Amino acid sequence: MRILRLLAFLLVFTTVSAQQGGMWIPSLLKGMNEKEMKSLGMKMSAQDIYDVNKSSLKDAVPHFNGGCTSEVISSKGLLLTNHHCGYGEIQAHSTVDHDYLTNGFWAMSMAEELPNPDMEVTFIVRIEDVSTKVLEGVSGLTSEADKQKKIQENITKLTASLPKESWQENKIRTFYEGNQYMLFVTETYKDVRLVGAPPSSIGKFGSDTDNWVWPRHTGDFSLFRIYAGKDNKPAAYSKDNVPYTPKHFFPVSIGGVKENDFTLVFGYPGRTTEYLPAVAVEQIVNSLNPAKIEVRDAALKVADGFMRKDNAIKIQYAAKYASIANYWKKWIGESQGLKKTNAVAIKRSYEKDFANWVNKAGKQEEYGNILPEFEKVYKEIAPYALARDYFTEVVLRNTELLTMGYRLYQLEQVYNARGEQAFTDRRNNLVPAMADVYKDFNKTVDEKVFEQLMAIYATKSPKQFLPAEVLNQDYSKMAAEIYSQSQLTNYAGFKELTEGDAKTVIAKLNADKGYKLVKAMAEAYAKNVSPKYDELNLKITALQRNYMKAILELSPKDARIFPDANSTLRVTYGKVKGYEPRDATYYEPVTYLDGVMEKYVPGDYEFDVPQKLIDLYNKKDYGQYGENGKMPVCFIGTNHTTGGNSGSPAIDANGNLIGLNFDRVWEGTMSDIYYDPSICRNIMVDMRYVLFIIDKYAGAKHLVDEMKLVGIKKK
Ligand code: ARG
Ligand code: ASP
Numbered sequence: 028m029r030i031l032r033l034l035a036f037l038l039v040f041t042t043v044s045a046q047q048g049g050m051w052i053p054s055l056l057k058g059m060n061e062k063e064m065k066s067l068g069m070k071m072s073a074q075d076i077y078d079v080n081k082s083s084l085k086d087a088v089p090h091f092n093g094g095c096t097s098e099v100i101s102s103k104g105l106l107l108t109n110h111h112c113g114y115g116e117i118q119a120h121s122t123v124d125h126d127y128l129t130n131g132f133w134a135m136s137m138a139e140e141l142p143n144p145d146m147e148v149t150f151i152v153r154i155e156d157v158s159t160k161v162l163e164g165v166s167g168l169t170s171e172a173d174k175q176k177k178i179q180e181n182i183t184k185l186t187a188s189l190p191k192e193s194w195q196e197n198k199i200r201t202f203y204e205g206n207q208y209m210l211f212v213t214e215t216y217k218d219v220r221l222v223g224a225p226p227s228s229i230g231k232f233g234s235d236t237d238n239w240v241w242p243r244h245t246g247d248f249s250l251f252r253i254y255a256g257k258d259n260k261p262a263a264y265s266k267d268n269v270p271y272t273p274k275h276f277f278p279v280s281i282g283g284v285k286e287n288d289f290t291l292v293f294g295y296p297g298r299t300t301e302y303l304p305a306v307a308v309e310q311i312v313n314s315l316n317p318a319k320i321e322v323r324d325a326a327l328k329v330a331d332g333f334m335r336k337d338n339a340i341k342i343q344y345a346a347k348y349a350s351i352a353n354y355w356k357k358w359i360g361e362s363q364g365l366k367k368t369n370a371v372a373i374k375r376s377y378e379k380d381f382a383n384w385v386n387k388a389g390k391q392e393e394y395g396n397i398l399p400e401f402e403k404v405y406k407e408i409a410p411y412a413l414a415r416d417y418f419t420e421v422v423l424r425n426t427e428l429l430t431m432g433y434r435l436y437q438l439e440q441v442y443n444a445r446g447e448q449a450f451t452d453r454r455n456n457l458v459p460a461m462a463d464v465y466k467d468f469n470k471t472v473d474e475k476v477f478e479q480l481m482a483i484y485a486t487k488s489p490k491q492f493l494p495a496e497v498l499n500q501d502y503s504k505m506a507a508e509i510y511s512q513s514q515l516t517n518y519a520g521f522k523e524l525t526e527g528d529a530k531t532v533i534a535k536l537n538a539d540k541g542y543k544l545v546k547a548m549a550e551a552y553a554k555n556v557s558p559k560y561d562e563l564n565l566k567i568t569a570l571q572r573n574y575m576k577a578i579l580e581l582s583p584k585d586a587r588i589f590p591d592a593n594s595t596l597r598v599t600y601g602k603v604k605g606y607e608p609r610d611a612t613y614y615e616p617v618t619y620l621d622g623v624m625e626k627y628v629p630g631d632y633e634f635d636v637p638q639k640l641i642d643l644y645n646k647k648d649y650g651q652y653g654e655n656g657k658m659p660v661c662f663i664g665t666n667h668t669t670g671g672n673s674g675s676p677a678i679d680a681n682g683n684l685i686g687l688n689f690d691r692v693w694e695g696t697m698s699d700i701y702y703d704p705s706i707c708r709n710i711m712v713d714m715r716y717v718l719f720i721i722d723k724y725a726g727a728k729h730l731v732d733e734m735k736l737v738g739i740k741k742k
């Protein structure tokens with residue numbers, strides 16, 4: 028009976044997972060992936076996606092500013108990414124008179140495109156396996172710390188010595204938790220100009236309420252252009268630079284998508300942890316996520332209260348609020364999803380299988396202690412991990428006075444470790460950088476946040492690690508005192524504190540009430556938490572590497588084992604597909620402009636709709652982009668994506684651009700830890716909606732003319 032059940036489980040598990048999930052290395056698609064992609068309907072070959080000798084899709088997919096993904100969509104370097112990825116640049120060019128965030132921005136000629144001093148996009152030239160070279164001389168070492176040191180030395184040497192052109196860069200990244208190392212030769216373009224952005228009421232439609240949610244109706248896109256020197260090579264900004272000529276650009280399909288169509292998403296997923304043991308997932312669900320959620324919950328409630336009453340505060344806190352709310356909401360969805368899918372139980376059952384494989388292969392000595400060791404170390408690290416998350420969320424992330432104070436604490440540390448010159452250099456960088464932070468800082472809001480978060484910190488973070496200054500206080504009184512006396516509550520005070528030579532500054536700092544508290548908290552953390560946390564975490568790293576090695580070695584032959592995301596270029600693929608979020612409910616895979624109008628709340632900051640869009644809707648004036656009298660907006664698919672995949676191209680069976688990735692569905696936000704193909708979906712904007720907005724809404728038809736459209740319906 029038990030065997031039967033196990034067999035049934037395995038059968039379901041392998042058939043379902045057989046075609047879904049995974050973020051694959053583009054240079055290694057030949058074989059299993061290529062076969063699978065073709066069986067899903069792909070018409071291209073693995074070589075069309077990645078090739079070193081001739082142009083391929085990868086040449087059109089640069090990393091956008093190190094965080095998001097983007098794609099080239101014309102022969103003149105026109106670049107597409109999300110609105111939320113270009114948000115900082117759009118905001119930077121906005122003033123009260125030219126409020127591009129609110130009204131949108133469209134360059135009507137190249138001369139009107141706006142330069143962005145701190146922006147860059149990075150292309151991958153080629154990818155090579157350098158594992159043997161990186162691991163040279165490592166196997167003889169016994170201590171984990173020595174191994175890590177040797178690996179770092181090898182990486183530094185290889186990065187400097189492996190062949191590349193003078194304008195290129197070498198980067199080495201680890202895959203499969205230290206079991207494989209890959210070299211990436213890259214080219215970085217630094218003259219990237221803003222070309223177009225819809226108003227936020229389109230590009231951010233639905234805002235935080237709709238974030239991580241399907242059905243979705245957001246036109247989350249913006250346009251840039253890459254400029255190069257006259258030789259087409261990377262060059263610093265110059266008005267004499269010319270539009271970049273890409274090795275490849277995506278044709279844009281207006282042929283439309285329907286359920287079960289093949290899709291491929293190509294981009295730079297940031298970080299996943301798909302191979303954690305059950306005990307680690309348990310810790311996330313029961314302890315770490317709830318802690319982080321509780322802190323952010325309190326911080327967001329305070330900010331929201333002020334933002335609703337005061338428009339100036341709303342503007343000051345809009346970006347900060349969105350960023351804190353993004354992962355707050357993600358963790359809530361993630362915990363729910365992990366519970367609902369029984370991720371821990373499934374991992375436990377997988378671990379039973381794993382133990383059997385180890386026994387059968389006679390590898391007890393090598394791998395037999397991994398799982399019991401995991402149990403032990405995770406139990407041991409639990410309070411330290413919790414203390415670390417509380418410290419990060421309360422001090423480093425959500426109470427700004429403490430965060431600013433911590434920067435000064437680091438400054439004092441720099442002086443102690445490296446002396447006057449290092450101190451001066453760091454101070455001179457820090458002080459101007461803080462101007463922007465203080466511009467959006469409100470003392471009254473932060474004081475309330477402080478009061479709430481300190482109370483949580485003192486009662487919920489493991490007490491044995493906390494300093495006396497924090498425990499058993501009247502936090503309202505403490506807040507009132509610090510926020511009336513500390514110089515950290517305004518930029519003038521901050522500047523005054525940091526004026527003078529190191530000795531003077533440090534004396535002033537240590538007389539400041541706010542600084543003294545941060546210092547006490549930081550020192551307690553540095554003494555009571557981080558050394559032990561680091562020591563245990565190093566053990567976990569070593570165990571995880573060995574676990575991964577065993578999984579690679581002992582899994583059934585047809586197992587699909589992909590490396591965790593690490594901000595390198597990956598391919599994920601699947602189909603356009605709806606899903607069943609709960610009993611008797613089915614979500615269709617495509618949304619339409621009708622849904623925008625259903626959600627429309629005039630004047631609302633999340634659900635307002637621009638008049639021009641309403642007019643186009645009423646006239647059904649969709650041009651060649653509509654479908655049977657309707658305007659498609661977003662669609663979902665079974666592509667396995669994560670943070671960093673925002674802005675990634677969604678590509679059809681023939682290599683044409685059909686969508687732009689920007690989010691995932693609520694029920695599937697746990698996919699970073701456990702991917703369940705029945706409910707994990709990525710969300711994309713339909714390219715037809717993007718073109719419709721550019722052409723019909725913004726009147727920037729010249730940009731559409733620059734692209735190569737395919738799939739045009741015959742009249
Ligand atoms: N959830 C998406 C991703 O993680 C979009 C975030 C931007 N939007 C927002 N409302 N905060 O990044
Ligand atoms: N919204 C995410 C991003 O910005 C994508 C995701 O997490 O699905 O990269």
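In the numbering used here, each residue's number is its place in the sequence shown (first place is 1) plus 27.
Glycine included, each C-beta is placed from N, C-alpha and C at the ideal position.
Small disclaimer: the values here were computed from a predicted structure and weren't measured.
- Each residue's CA atom was taken as its position, placing Q363 and A318 some 15 Å apart.
- Separation of D75 and E61 (C-alpha to C-alpha, rounded to the nearest whole angstrom) is 11 Å.
- In this structure the segment 491-500 does not touch the segment 348-360; the number of beta carbon pairs closer than 8 Å is below three.
- Taking C-beta separations shorter than 7 Å and ignoring five residues to either side along the sequence, the partners of I721 in its chain run G223, A727, L730, V731, following chain order.
- Straight across, the Cα-Cα distance linking V148 with G695 is about 30 Å.
- For the pair F232 and P226, the Cα-to-Cα distance works out to about 9 Å.
- Residues of the same chain with a CB within less than 7 Å of the CB of I151, apart from the 5 flanking positions on each side, are K85, F211, T213, L596 in chain order.
- The continuous alpha helix (DSSP H) containing P317 extends over residues 316-336.
- A Cβ-Cβ contact shorter than 8 Å links A506 with F477.
- Non-local beta-carbon contacts of A263 in its own chain, meaning distances under 8 Å to residues more than five positions away in sequence, involve K217, D218 in chain order.
- Judged by beta-carbon spacing, N681 lies within the 8 Å limit of M71, meaning their Cβ atoms are closer than that value.
- In this chain, the alpha helix (DSSP H) harbouring A462 covers 427-466.
- Per DSSP, reduced to three states, the secondary structure at W241 is coil, with no helix or strand assignment.
- Shown in chain order are the residues whose CB sits closer than 7 Å to a heavy atom of the ligand ARG: H111, K231, S234, D235, N238, W239, A349, S350, A352, N353, K357, G670, S673, F689, D690.
- Secondary structure remark: continuous alpha helix (DSSP H) runs of at least 4 residues inside the segment 184-257, in chain order: 227-230, 234-237.
- Residue burial is scored here from C-beta neighbours: S97 has at least 16 other C-beta atoms within 10 angstroms and is therefore classed as buried.
- Boundaries of the alpha helix (DSSP H) harbouring I641: 638-646, taken from the DSSP string.
- From the listed residues K390, D539, D561, N386, the smallest Cα separation to Y436 is found for D539.
- Taking C-alpha positions only, Y344 is separated from E526 by approximately 29 Å.
- The beta strand (DSSP E) runs of length 3 or more contained entirely in the segment 584-610 are, from start to end of the chain, 597-602, 606-609.
- Judged by their CB atoms, V385 and A577 are nearer to each other than the 8 Å cut-off.
- Nearest to D501 by C-alpha distance, out of I483, Q514, S513, is I483.
- Along the length of the segment 107-174, whole beta strand (DSSP E) runs at least 3 residues long occupy 148-156, reported in chain order.
- Burial of G664 is indicated by the presence of at least 16 other C-beta atoms within 10 angstroms of its C-beta.
- Look at P659 here: in three-state DSSP terms it is strand.
- Counted as a single uninterrupted DSSP element, the alpha helix (DSSP H) harbouring D416 occupies residues 397-418.
- Annotation for T215 indicates a beta carbon at 7 Å or more from all heavy atoms of the ligand ASP.
- Of the heavy atoms belonging to the ligand ASP, at least one sits nearer than 7 Å to the Cβ of C95.
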